[in-house]
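Residue numbers (the UniProt record's numbering), protein chains in the order written: chain S, 1 to 396; chain G, 1 to 396; chain A, 1 to 396; chain P, 1 to 396.
Number of protein chains: 4
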Amino acid sequence: MSGQNPVFIPGPTNIPDRIRHAMNVQTLDHRAPDFIDVFAPVLADLRKVFKTTSGTPVLFAGSGTGGWEAALTNTLSPGDKVLIARFGMFSHRWIDMCERLGLEVEVIECEWGAGAPADLYGEALASDTAHSIRAVLVTHNETATGVVSDIGAIRRAMDACGHPALLFADAVSSLGSIDFRMEEWGVDICVAGSQKGFMLSTGMAIICVSAKALAAAETAGLPRCYFDIREMTKANAKGGFPYTPPLNLIMGLRESLDMIFEEGLENVFARHARLAEGVRKAAAAWGMELCAHSPELYSNSVTAVVVPEGFDATRLINHAYDTYGMSFGVGLGEVAGKVFRIGHLGSLTDAMVLSGLATIEMAMKDLNYPITLGSGVAAAQEHYRTTANTARAEAA
Amino acid sequence: MSGQNPVFIPGPTNIPDRIRHAMNVQTLDHRAPDFIDVFAPVLADLRKVFKTTSGTPVLFAGSGTGGWEAALTNTLSPGDKVLIARFGMFSHRWIDMCERLGLEVEVIECEWGAGAPADLYGEALASDTAHSIRAVLVTHNETATGVVSDIGAIRRAMDACGHPALLFADAVSSLGSIDFRMEEWGVDICVAGSQKGFMLSTGMAIICVSAKALAAAETAGLPRCYFDIREMTKANAKGGFPYTPPLNLIMGLRESLDMIFEEGLENVFARHARLAEGVRKAAAAWGMELCAHSPELYSNSVTAVVVPEGFDATRLINHAYDTYGMSFGVGLGEVAGKVFRIGHLGSLTDAMVLSGLATIEMAMKDLNYPITLGSGVAAAQEHYRTTANTARAEAA
Amino acid sequence: MSGQNPVFIPGPTNIPDRIRHAMNVQTLDHRAPDFIDVFAPVLADLRKVFKTTSGTPVLFAGSGTGGWEAALTNTLSPGDKVLIARFGMFSHRWIDMCERLGLEVEVIECEWGAGAPADLYGEALASDTAHSIRAVLVTHNETATGVVSDIGAIRRAMDACGHPALLFADAVSSLGSIDFRMEEWGVDICVAGSQKGFMLSTGMAIICVSAKALAAAETAGLPRCYFDIREMTKANAKGGFPYTPPLNLIMGLRESLDMIFEEGLENVFARHARLAEGVRKAAAAWGMELCAHSPELYSNSVTAVVVPEGFDATRLINHAYDTYGMSFGVGLGEVAGKVFRIGHLGSLTDAMVLSGLATIEMAMKDLNYPITLGSGVAAAQEHYRTTANTARAEAA
Amino acid sequence: MSGQNPVFIPGPTNIPDRIRHAMNVQTLDHRAPDFIDVFAPVLADLRKVFKTTSGTPVLFAGSGTGGWEAALTNTLSPGDKVLIARFGMFSHRWIDMCERLGLEVEVIECEWGAGAPADLYGEALASDTAHSIRAVLVTHNETATGVVSDIGAIRRAMDACGHPALLFADAVSSLGSIDFRMEEWGVDICVAGSQKGFMLSTGMAIICVSAKALAAAETAGLPRCYFDIREMTKANAKGGFPYTPPLNLIMGLRESLDMIFEEGLENVFARHARLAEGVRKAAAAWGMELCAHSPELYSNSVTAVVVPEGFDATRLINHAYDTYGMSFGVGLGEVAGKVFRIGHLGSLTDAMVLSGLATIEMAMKDLNYPITLGSGVAAAQEHYRTTANTARAEAA
């Protein structure tokens, strides 16, 4: 655990120095009258990242998992029905949480590697003429399979049958890295976290809540205290927090937002797309498939690569860590051992990605994978160098 | 919010450089096989601070409030009865949480400034011959009034009538600053946080759970996911976390434990006692009463000073902040405006405390309090200088 | 050496977090084409602090002592005559350096505690009709005695007799804390350092050179390489450095200049004056004299306090350090044991100064000094609180 | 100047977090009685790195250039004769310094890319029967050409003719990265700096002085003050410094020494050799020559690669910086435009080096160099992966 090499887990990300400095803050008084001067603009600016003008951003000391729980417990009552597709570990875990919270869960089972099936969501909603489904849940970016789903299509499916359910999206590993449009897509709660696109340390759930979801919080029957959005938004409105806030993460978020806006949010997305494409070209050069079933599903924040038959991806990841001191993502759940994952989100450069590709190539060669050293690197290099000027121009 | 002056809020505390450096860690892979080498000893060493050999320490990304919730939701079922005394804002809030979670709460109302009344706890328990009280809750250190309570006496009261209820203690603002003996006192869950005696940033609930409480978690009916102790301890046992852990706080906690053990836990308590006594002597020199009703209740981590009739303590605190850039604690709830609080926990020296006393004296004089400049400082100086060698000797 | 308490040595100063972060920079390429974008504005902005429009700021990795050497070796030849007054340890050391470099030194001997005697300088210059004196050296702020001298008066004395010598000023412990006017006073080289008014770590000599001194560098006969101003200015003009530059200090200096300009240079001086006056009032309350002979000589960056007959100031300082972990300045040279020094320059607040006064009071009491605990603190408190609004208004 | 990518200039090096933290120290009192507890072991431990038991390590706030000057001015008198070979920019500059200091310099002119010619040194010394040569100067590692020279051979040449001259070595870019044996080779002054093998920020010359050189300092006639070794060693002996020391660099050096000893000095050398060999294999795969004339001259801290006829290496370096944000070393002096340099010293991993190779490949391809993308990377990968276990085993 040396910290010299960049990490290629799909979050937490490599933390840039600006943000490390911003988080490294001596204790300040969160009850001081000028705390609001720092805090209020952070909340306001978060809206731009969620792409909403009317949503209410909310921060909890916690992880993205806490954000999931906040979404559910603030809007639903025991026994309420939710609709959700399972196509990876994180959608699977959200389903598990729903069940443990006493919700009735209608699961659309999909292959791991598929995206959220707007058509099947639509069928289920259309057949729910009693509108017993209270919330539709979608994992925007399945970190386990490297699949990004079309939330807009889910919204259209809901609208097509006039279904009034709330729409919740898990954008933990996409927000700030891949385009997310809360308002356009009519998302009621979007859940994100500090340690992915925002490049912060782990420890803060960052969610955004629509007026409709806020209204639902008034009547929701699930118990909640720590994650109670009503208390939080009431305190936030006065510039405060209902309990001691994670000041260092809030200060870091200020810097993160500044960095994102300086680069330009769309440029951040373009950078992620460009870096991701290089990784995909490397995988192709190795002759390996991606876990994501088709190009429109390819995530720009994480790529899950399927290893050849007979190889153990987990062993590969462990070998890369033990021998070269570099961390990649293991396969989880159904794809454990079958895929390894390259996270490419947050603060990254061409050179950093190439170091990851070069390292996993060595690890594969060590374990007799049928690849040629340098082949994936070369494919990525060609992509990066031929798109470098574009990247610069767009960034300018 | 300049950060030049020390803060005198009763937490978060001033963060020493060693801990700031330890928390300022580049992202490491929490799924790496050697994460356990860091994490397991942290959990093990926490037991020494809780003074338990059999308890299970548990860390949640969250605040102390999350720790309260974890204690309740993991061990109780809707409608379960709990017994708790209200004698300050934090016991008040814990009561509020119990109610919102659907528990039946038997409240022992006390004056703010009193301690937890072991006799009244005993009476209530003795009369509960049906043993319908499932948990006894006590605030070890009431941060709002500067009152420390005798948990051992509560335990004796429970034992006296053979009551089988669980015993929970809120030691958020005492653990690591004031002696706490989980095993000796038979505490089933002790709740603490990162930003007080551990001198870390806010963002981690640090709790410890007895075997009896762990057993209760198997049958408890309150829903919980994020704060589920069963999942956490299962993952911890394998060196992992059920979701992304707050790595920087865990690294910081490692350093915090090292610092505490280097100084010696009993020496840490003695240092707090000595610094607190200087503050109390200053208050006496100003001719002011403490909110705590009697000396055995005086907290060594925070002192709440009652301002003279006709003065507004909140205005005083705001004036000190605006004019001298120094933060003290406001009065909360019933004692709002009537007391101001001087936090003296965590990483503090004589000189730092004296700067706080000198500053609040200036602020009081500015607002025409009947005090003599330098009087409180002189009283504290006399205490510190005459006990300095003892402090050194004990630290050696 | 714990770092918890502020230091009260007269430099290096307490380093504010903003500057610590700015200096904590990962390696960047100082030969990169955009290094000039950082470096050139730093040099340009330094002129404002030196109060010159035509001088050339020069930075050397080194200490203020290196700056003295640069001033001498770049402008003088072996055997050249210099005129300088000795009235403290730092003027003494500069004299010693002149002698070791083979210069002829005409020393005006003064009492330690006196200022630079413009009248005696004038007499010496007037009698030097052959203009054999090539340089006049003056210590602007004698750190050893807490004496600030009137450089403008020296200039007037030079002008009065039309003496063409160069004028060098040691402003190591004054620049950026006490008004210094290079252009108005006709100073040819002003020597400062990173670790005083600029609040940086030690390690960079910061000097400013007039056109006249630059011209002298073309013919000066003393050998110099590392501290050669010609090479440095030639490289600087192209945005570079003749050898590897201390990048972290340059980055820190950028932040330091930003902080100084944000506060306002004149406000920085006013803040130092106000804090210094509080310290002097404390000394008066203790019934002690200052080493500086008269009020117009009182330095606003350091106060040297004379201890009563029969007491050993060095023992006092050691006691304060050993017992209370706080550093003050010892007496040096002729006043060793007779004075202790309180540095009050750089990033300081009322509260920090009061902590220093309270601590030295405890140390004095421990050693049976005839003082009343709290007396000096009270005097300073009264000064600070009655001038607090003015300070705010001026800062606004 | 983003700091995201590692730098591949041949120093300053990438600074590991442990050292960044160690250097990020709040001001401490360097005159405090316990400063010696930190400082003395640093000096003592430096001997292990210089491989001497009798030499005296000396630290100056300054750069390696200051170290050169200290070596010369402390041991020689105006007009003294020195013997030195010129075979790169840094030997050239040292010669230039000798001349500017008024020494008589006998230069052995060599091709850039050659090593220090022990035979020619031997001839010159043998013919100096009057022993008018007072010092023999050798550049151990020519940073400009990537050439390491055999200092032991120079010593043998001196001994062969019984020449009593002092022997000075410039090991700025080798000490702590490439084996250097001060005692075995009879080196009288070895000059190094903070920002290379010690991985610190720039700003401290680190030299080591033999007893013979210390004796020479008693009679040497060149003036020196700031860099006076007599004053320094006298102050050091009492645990002090003759002027304000660069505390942050001394603290960083403590950590640096700890890191070096934890890894093992010989393992540090082996790591550098292994990483360097990968770089050389990459150059070979590109079909390019090294500036160093033969394998025994290959430096393990920096490789200078000759670009094909008709290409401009400076343009290449600028392109890599502008387009990919990565810094390499330009060619200097005689080899300007003809070579580019890859620094591979200090804190580096396989993955970091591969990112440098991959990036320079992209830059070369962009500028139509006749290379195949990925070819150099593949050659280095093959070397690194086949030697990875050895590296581990040796490190263990």
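Backbone N, C-alpha and C define an ideal beta-carbon position, used for all residues, glycine too.
Given the structure is predicted, the values throughout are model-derived calculations rather than measurements.
For F269 of chain S, there is no enclosing beta strand (DSSP E); the residue is found in the alpha helix (DSSP H) stretching over L265 to A285. The continuous alpha helix (DSSP H) containing D96 of chain G extends over residues M89 to R100. Close to Q26 of chain S, with beta-carbon spacing below 8 Å, are these residues of chain A in chain order: D17. Among the residues of the segment 260-276 of chain A, none has a Cβ less than 7 Å away from any Cβ of chain P. Interface flag for H293 of chain G against chain P is unset, since no Cβ pair is found closer than 8 Å. D170 of chain A and S294 of chain A have their C-alpha atoms spaced approximately 21 Å apart. Considering only G:M182, G:S301 and G:K234, the residue with the shortest C-alpha distance to G55 of chain G is G:M182. For the segment 283-347 of chain G, the continuous beta strand (DSSP E) assignments of 3+ residues that do not extend past its boundaries occur at 302-306 and 339-343, in sequence order.
Taking a C-beta distance under 8 Å as the contact criterion, A71 of chain A and I207 of chain A qualify as a contact pair. Put simply, the CB of N14 of chain G is near chain S, with a gap under 8 Å to one of its CB atoms. Checking the DSSP bridge columns, you'll see F168 of chain P partnered with P:L137 and P:I189. Cα atoms of M362 of chain G and N5 of chain G: separation of roughly 15 Å, rounded to the nearest angstrom. Interface annotation, A40 of chain P: not in contact with chain A, CB-CB separation never under 8 Å. Boundaries of the alpha helix (DSSP H) around T359 of chain G: D350 to D366.
The DSSP assignment places complete beta strand (DSSP E) segments of no fewer than 3 residues inside the segment 48-130 of chain S at 56-61, 81-86 and 104-109, in order along the chain. In this structure F60 of chain S does not touch M251 of chain S by the C-beta definition: roughly 16 Å separates them, more than the 8 Å allowed.
For T386 of chain S, there are no C-beta contacts with chain G under 9 Å, since the nearest C-beta of that chain is about 30 Å from it. With the rule of 3 Cβ pairs closer than 8 Å, the segment 105-115 of chain P counts as touching the segment 79-96 of chain P. Sequence-distant Cβ neighbours of A379 of chain G in its own chain, meaning closer than 6 Å and more than five residues away, are K281, A282 and A285.
Residue contact with chain S for H21 of chain A: present (Cβ-Cβ distance below 8 Å to some residue of chain S). In this structure, S:C161 is the residue among S:D150, S:C161, S:H30 and S:V209 with its C-alpha nearest to the C-alpha of A124 of chain S. With respect to the 8 Å criterion, A165 of chain A and A144 of chain A are not classified as neighbours on the basis of their beta carbons. Here T349 of chain S is buried. Its C-beta has 16 or more other C-beta atoms within 10 Å. Any Cβ of chain A closer than 8 Å to the Cβ of E142 of chain G would place that residue at the interface, and such an atom is absent. In this structure, the straight-line span from the alpha carbon of P223 of chain G to that of G79 of chain S is close to 12 Å. In this structure, the straight-line span from the alpha carbon of L46 of chain S to that of L257 of chain S is close to 7 Å. Comparing alpha-carbon positions, the option among S:G346, S:L137, S:V305 and S:V49 lying closest to D96 of chain S turns out to be S:L137. A distance below 6 Å between beta-carbons, with the five flanking residues on each side excluded, links G374 of chain P to no residue of its chain.
Neighbours of D29 of chain A across chain P, judged by C-beta separation under 8 Å: M1, V7, I9, Y321 and S327. Taking S194 of chain G as reference, the option from S:I9, S:T27 and S:A213 with the minimal CA-CA separation is S:T27.
Interface annotation, T303 of chain A: not in contact with chain G, CB-CB separation never under 8 Å. If you check each beta-carbon in the segment 337-359 of chain S against every beta-carbon of chain P, the ones closer than 9 Å belong to S347, L348, T349, D350, A351, M352, V353, L354, S355, G356, L357, A358 and T359.
The beta carbon of G337 of chain A lies closer than 7 Å to those of D312, A313, T314 and G331 in the same chain, with the five residues before and after it left out. Using a Cβ distance threshold of 8 Å, H344 of chain S and A276 of chain S count as a contacting pair. Here S299 of chain S is buried. Its C-beta has 16 or more other C-beta atoms within 10 Å.
For the set G:P370, G:E296, G:M326 and G:E255, the Cα lying nearest the Cα of E309 of chain G is the one of G:P370.
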